[in-house]
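Read through the structure below, which is laid out as structure tokens, and then see the notes.
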Amino acid sequence: MLEKLKEALIGLHRDDAGAMKVEMILILVLISIPLLIVLFLFRDKIVGYFQTASDDLGEKAGSPPPYTP
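According to my numbering, the sequence shown holds residues 3 to 71 in order.
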């Protein structure tokens, strides 16, 4: 019983098939987490920038003012 477990663990240790997938997941996490943090920290400025741009386009086009809930 213990011998089979030992063989399975040794085989798992030698198997590198999943290493590439794990590396890709780690890379995606290391890129996405800081991006989400930056978007969260600057969300008000980002929303304000796009709202200002939208308002400016609306005024130049002569369309009615934007919908405000």
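In this text, a Cβ means the ideal position worked out from N, Cα and C, and glycines have one as well.
Quantities reported herein were computed from a predicted structural model and do not represent experimental measurements.
Residue i - containing alpha helix (DSSP H), residue span
i: PHE42; result: 21 to 43
C-alpha distance - residue i paired with residue j, whole-angstrom precision
i: ILE39; j: GLU61; result: 33 Å
i: PHE44; j: ILE27; result: 26 Å
i: LEU7; j: ALA21; result: 21 Å
i: ILE12; j: PRO36; result: 36 Å
Proximity of residue i and residue j at Cβ, strictly below 8 Å
i: LEU41; j: ILE48; result: yes
Residue i, DSSP secondary structure in three states
i: THR70; result: coil
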